[in-house]
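Here is the structure we will look at.
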Amino acid sequence: AVHDMMAMFENRRDDMAKKAGYNKMGSLAVSYGDDPVGALGVSPPSTEGKPKDSTSTQNSYEPSRRIESTDQVLALEPSLRFQAFPPTSAKYEYEAVSASSGRFTKELARRCVSDFDVNFLYGTKVKAITTTQGKDGKKPRISEVQTNQGVISVPEDVHVVVMAGAWTPHVLALMDVYAPVYPLKGYAMSVSAQEALRTNRALKPQDLPSRIVCDKYMYTTRLGDEIRITSIGEFSEWNTQPTPHVDEHFRREAIRQFPQLKELIPKAKTYCGHRPFVSDGILLLGAANTHEKLYVSCGPGSNGWKLAMGSGDVIARLISGQTTEQMKEELGFDADAFSPAGRVLYSPLFAKMCRARWDV
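Here the numbering used here is used: the first residue of the sequence shown is -19, the next is one more, and so on.
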């Protein structure tokens, strides 16, 4: 699925790469001795008597090589030389790529409307769901979806896929169904590279981040003119407004990582979104056994865009009638491992409590 997306970006006859800010410069996960300098420590950690290979980065399937000195790290990514305490080592994933998921999905939606028979209902919130007895007499089926824009009738032969990200539990609770999905709030801001160069005439293009640069607390990506700075924030239910003290830490860490952007970071708007995390860490993908023709695709955490095309392919195959055994034979993996069965449950009492708690 990732290769299919990259093929779209690499297609020179397709302008998706430009629209989404496609970047092939790789990823640099930097370390500062044993622990990165960050929100929990504002002074450089001591490396005395500690192995030079210390790192806080996690294992990855991306091809990579170790960079074992500050000089080598700064030679690869000169924008880090402005840090008060530069990195002592890094892991360079030289085949990693990045792009803007927001810009990509907006362009994809535009193409779906113009080139295919796809209709998006924007500004539409599900308020209630009506179910009736299904054909098999055992499971109910969804017959109506009531929204703030009116009622959507669901014919018997229509399949329903709930893929509402962190709001999936809200939608399913309207059917007395519980899903173990929790919203992990992330923080993000963007600054313009051109504006940074105009604001500080002493800066040169190489003084700005050129690739993915991450440490224990911050994750910065270059997407064309956009320099996007992100971090994991907190569990605070479904509130998408930045918490003031967390936002303050976020901005302080952003300036710590790239002090040359200190004129722009305080003025940048903070955006918050939710990463849908499943309690056991395993994606919910497939048919729910609580209702007829009901499917769930949710819970990828921070890997949603990376998994999106593959998840969509699995759902499309299931709806078309392909079995998980057939998929395993063709694709080489067991889709049943992600099945919602046994995790997405009919639980009327608990769902009622959730609706009261969430005011849905």
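Heads up, the beta-carbon is just placed ideally off N, CA and C, and yes, glycines get one too.
query, result
"Contact between the segment 156 to 175 and the segment 205 to 219 (3+ Cβ pairs under 8 Å)", "yes"
"Residue burial classification, residue 259 (beta-carbon count within 10 angstroms, cutoff 16)", "exposed"
"Cβ-Cβ distance between residue 234 and residue 198 below 8 Å", "yes"
"From 137, -9, 0, 157, residue whose alpha carbon lies closest to that of residue 203", "0"
"Simplified DSSP assignment, three categories, for residue 254", "strand"
"Contacting residues, own chain, Cβ-Cβ under 7 Å from residue 187 (five flanking each side not counted)", "58, 59, 240"
"Neighbourhood of residue 257 by C-beta, 6 Å cutoff - its chain only, sequence neighbours within 5 removed", "162, 164, 281"
"Three-way DSSP call (helix, strand, coil) for residue 224 in this model", "helix"
"Whole-angstrom distance between residue 249 and residue 221, CA atom to CA atom", "11 Å"
"DSSP three-state assignment for residue 335, whether helix, strand or coil", "helix"
"Cβ-Cβ distance between residue 124 and residue 134 below 8 Å", "yes"
"Residue span of the beta strand (DSSP E) that contains residue -10, given as start and end", "No beta strand (DSSP E) contains residue -10, which is instead part of the alpha helix (DSSP H) from -18 to -10."
"Simplified DSSP state of residue -4, which is helix, strand or coil", "helix"
"Local conformation of residue 201 per DSSP, three classes", "strand"
"Exposure of residue 78, with buried meaning 16 or more beta-carbon neighbours within 10 Å", "buried"
"Pair within 8 Å by beta-carbon distance, residue 44 and residue 2", "no"
"Close beta carbons around residue 201, own chain, < 6 Å, minus the five adjacent residues each side", "78, 192, 208"
"Distance CB(residue -14)-CB(residue 87) smaller than 8 Å", "no"
"Residue from 4, 237, 226, 300 whose Cα sits closest to the Cα of residue 76", "4"
"Beta-carbon contacts of residue 151 that lie in its chain and below 8 Å, excluding the five residues immediately before and after", "106, 109, 142, 144"
"Residue span of the beta strand (DSSP E) that contains residue 210, given as start and end", "206 to 214"
"First through last residue of the alpha helix (DSSP H) which encompasses residue 54", "50 to 56"
"Beta-carbon contacts of residue 251 that lie in its chain and below 6 Å, excluding the five residues immediately before and after", "168"
"Contact under 8 Å by Cβ, residue 293 with residue 304", "no"
"Extent of the continuous alpha helix (DSSP H) to which residue 306 belongs", "304 to 311"
"Residue 155, enclosing beta strand (DSSP E) - first and last residue", "Element bounds for residue 155: n/a, residue is neither H nor E."
"Which listed residue (90, 10, 228) has its alpha carbon closest to that of residue 51", "10"
"Residue range of the beta strand (DSSP E) that includes residue 113", "106 to 113"
"Neighbourhood of residue 340 by C-beta distance below 6 Å, restricted to the same chain and skipping five residues each side", "150"
"Presumed contact (8 Å Cβ cut-off) between residue 264 and residue 159, rounded CB distance", "7 Å"
"Cut-off 6 Å between Cβ atoms - residues of its own chain near residue 146, not counting five sequence neighbours on either side", "163, 254, 256"
"Buried versus exposed call for residue 129 [16 or more other C-beta atoms within 10 Å across all chains shown]", "exposed"
"Entirely enclosed beta strand (DSSP E) segments - the segment 70 to 132, minimum 3 residues", "106 to 113, 120 to 127"
"Residues of its chain near residue 185, where Cβ-Cβ distance is below 8 Å and the 5 sequence neighbours each way are ignored", "173, 177"
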